[in-house]
Amino acid sequence: MKIVTVDFTVSAASLQQLPKDNLPEIVFLGRSNVGKSSLLNKLFNRKNVARISSTPGKTRELNYYLINKQMYFVDLPGYGYAKVAEHVKAGWTALIEDYFHSRKQIAFAVQIVDARLGPTDLDNLMIGWLDFYKIPFVLVLTKADKTPFSRLQTQVNNVKVSMSKYHYVRGIMPFSAMTGDGRADLLKMIEAHITFAQHSSSKRFISSAVA
Ligand SMILES: Nc1nc2c(ncn2[C@@H]2O[C@H](COP(=O)(O)OP(=O)(O)O)[C@@H](O)[C@H]2O)c(=O)[nH]1
Ligand SMILES: [Mg+2]
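FYI, my numbering numbers position 31 of the sequence shown as 55, with every residue one higher than the one before it.
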């Protein structure tokens, strides 16, 4: 997939503010400071479309980027920042769970973790939600450039084992916003799920309506 146009569409603090045009959505999520904005900017091939924040944990909105006039990349607020007040965390949790539960256009999710650490407890909680809500996802190990190759290989293998219990995991891939490693593979995987989603989103809707 080639990204030709990127249009920032909306920064939504509630589900009522989300676009009404029914285009497929690719969701990006990860701990605050994991490198989510850097990854998005690398995919966009732009320096500063997704803001690289110096105040982690501040963004509490869902940021929508219209890609090639065909789909949205949705930048979810980063989670796990210790200094955020409990009521803000609870509000975030409710918003995201509501979004996963109700938003039938979600075609695919990109779960970002630090290559050096692998998934943390909070990451595993999010991954559990993705699986529960039947959202296919890829686990991206970012900042791969900071990790020696042999350690990266070991990490990928370990993560493969720990992810094997999930039904909706579609891949595990190293990425670096610094070198661009993994960019082409990630875009390829996103593209594959966009085509698939156009057939399956209605099925997701029907099965939940029947249940
Ligand atoms: N070396 C390296 N640093 C990165 C990478 N991705 C992000 N960073 C750095 O990690 C910090 C947090 O990145 P940012 O994209 O703002 O994280 P976010 O809070 O998840 O959006 C910044 O200082 C980035 O320059 C990467 O792939 N490699
Ligand atoms: Mg950010």
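Ideal Cβ positions, reconstructed from N, Cα and C, are used throughout, including at glycine.
Residue burial classification, residue i (beta-carbon count within 10 angstroms, cutoff 16)
i, result
"F161", "buried"
"G54", "buried"
"S78", "Low confidence applies to S78: its pLDDT is 49, below 50, so where it sits in the model is not reliable, and the reading given next is rough at best. Exposed is the call here."
"T117", "exposed"
"Q129", "buried"
"L210", "buried"
"V185", "exposed"
Residue i to residue j span [Cα, whole Å]
i, j, result
"Y123", "L39", "7 angstroms"
"Q94", "P101", "23 angstroms"
"V234", "H125", "Summary for V234: the model assigns pLDDT 43, below 50, so the residue's position carries little reliability, and this model does not support an answer."
"Y96", "N181", "31 angstroms"
"N69", "R207", "10 angstroms"
"L90", "D145", "31 angstroms"
"D45", "V98", "14 angstroms"
"S61", "L165", "14 angstroms"
"S56", "T178", "24 angstroms"
"G59", "A114", "23 angstroms"
"P172", "A36", "39 angstroms"
"L119", "Y88", "15 angstroms"
"V183", "L163", "9 angstroms"
"V112", "R84", "9 angstroms"
"S200", "K212", "16 angstroms"
"I214", "S174", "27 angstroms"
"V34", "Y192", "28 angstroms"
Pair within 8 angstroms by beta-carbon distance, residue i and residue j
i, j, result
"L67", "I27", "yes"
"A131", "I50", "yes"
"I151", "Y103", "no"
"T203", "D169", "yes"
"L176", "P143", "no"
"D52", "L64", "The displayed chain sequence assigns Phe, not Asp, to residue 52. Going by C-beta atoms, F52 is nearer than 8 angstroms to L64."
message: Check whether the stretch 103 to 122 and the stretch 132 to 139 touch, using three or more Cβ-Cβ pairs below 8 angstroms as the test.
response: Result no; under three Cβ-Cβ pairs closer than 8 angstroms.
message: Tell me whether the stretch 63 to 75 and the stretch 152 to 161 touch, counting them as touching only if at least three CB pairs, one residue from each stretch, are closer than 8 angstroms.
response: no
query: Taking the runs of the beta strand (DSSP E) that are 3 residues or longer, which of them lie wholly in the stretch 53 to 117?
result: 86 to 91 and 95 to 99
task: Run through the stretch 148 to 189 for me and flag every whole beta strand (DSSP E) of 3 or more residues, listed as ranges in chain order.
output: 161 to 166
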